[in-house]
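In my numbering, the protein residues as written are -7 to 261.
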């Protein structure tokens, strides 16, 4: 009987996570149209790629049992993130391209090391422990990335950069994978996604506190670019400040599946 609800929550987690992985398409439509990455950061996409790769690896049957649904969504997420990274590299200025390209190579190297060590040097529970810790650490880091957006909401008293439905899907995704981890008795899935579920609750609470606040006249001048990019959690443009005017935020980028929130939101390349 446990297998049925375990499977159902895994499917739900896949669906919610896929929506979150596809959220950045709004930003990349803008990048392709303008043929430039402007001030958008490529770091979140590269780091999310590492998170997806590690989580997909952890979900493979020879690493951990009954977690194939973890591998399917994170494998899909990794493919999507690779497309994002390649598009970013195509349209980025030379200096930024070199930096993101170097980070991309480093991420692939880290994943290769983890994979090779786990295959050739470790076995059984030791392999699961090693891969699980690696995936969990990056999942928690990713899930923590919306903290800067939450801080911005409190500071500006405006939820312009924290869309309700995105926050809702972050909560639903984290909750689905948290329950999936509990039902499967897997702390490496339950712990980071329990953390993500809690952050999702905090985002929703903030939304209902500040939903009727306009954030002041200055915040209403953020422009269409910021409103478009607010559909993402984690890849930020560099904030420009003039008086109390805070804009240029690429908004919150959502978390992935038993992975986590994609990227450091304060990172600017």
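Just so you know, even glycine gets a beta-carbon here, dropped at the ideal spot from N, CA and C.
Which residues does DSSP list as the beta-bridge partners of residue i?
i          : result
residue 83 : Partner(s): none; residue 83 has no beta bridge.
Taking 7 Å as the limit between beta carbons, can you name the residues of its chain near residue i, skipping five residues before and five after?
i           : result
residue 55  : 49, 110, 119, 120, 123
residue 2   : 61, 172
residue -3  : 175
residue 115 : none
residue 42  : 99, 102, 103, 130
residue 183 : 128
residue 76  : 16, 20, 37
residue 70  : 41, 44, 45, 48
residue 223 : Here residue 223 scores only 46 on pLDDT, less than 50, and its place in the model should not be relied on; the value that follows carries that caveat. Here the set comprises 15, 18, 155, 158, 243.
residue 202 : 145, 149, 150, 151
residue 8   : 161, 164, 165, 168
residue 63  : 48, 51, 52
Per DSSP, what kind of secondary structure is residue i in: helix, strand or coil?
i           : result
residue -1  : helix
residue 56  : coil
residue 151 : coil
residue 216 : Caution applies to residue 216, whose pLDDT of 45 falls short of 50 and renders its modelled position unreliable; the value that the coordinates give is listed next. Three-state DSSP puts residue 216 in a helix.
residue 90  : helix
residue 137 : coil
residue 97  : helix
residue 25  : helix
residue 223 : Unreliable positioning characterises residue 223 in this predicted model, as indicated by a pLDDT of 46, which lies under 50. The coordinate reading is nonetheless provided below. In this structure, residue 223 counts as coil in the three-state DSSP scheme.
residue 113 : coil
residue 15  : coil
residue 51  : coil
I'd like the list of long-range same chain contacts for residue i, defined as Cβ closer than 8 Å, with 5 residues on each side in sequence excluded.
i           : result
residue 273 : Lying outside -7 to 261, the shown extent of the chain, residue 273 is not represented and no answer is given.
residue 93  : 81
residue 27  : 83
Go through its chain and collect everything with a Cβ distance to residue i's Cβ below 6 Å, but skip five positions before and after it.
i           : result
residue 72  : 13
residue 10  : none
residue 211 : Confidence is the limiting factor: at residue 211 the pLDDT is only 48, short of 50, which leaves the residue's position unreliable and the question unanswerable from this model.
residue 106 : 126
residue 167 : 189
residue 57  : none
Q. Are the region 186 to 203 and the region 155 to 168 touching, with three or more C-beta to C-beta distances below 8 Å?
A. Below 8 Å, enough C-beta pairs join the region 186 to 203 and the region 155 to 168 to call them touching: three or more.
Q.
Report the start-end ranges of each alpha helix (DSSP H) in the region 160 to 205 that is 4 residues or longer and not cut off at the edges.
A. 179 to 202
Q.
For the pair the region 147 to 157 and the region 73 to 89, tell me if three or more CB-CB distances fall below 8 Å.
A. no
Q: Report yes or no: do three or more beta-carbon pairs, one from the region 125 to 142 and one from the region 34 to 51, lie closer than 8 Å?
A: yes
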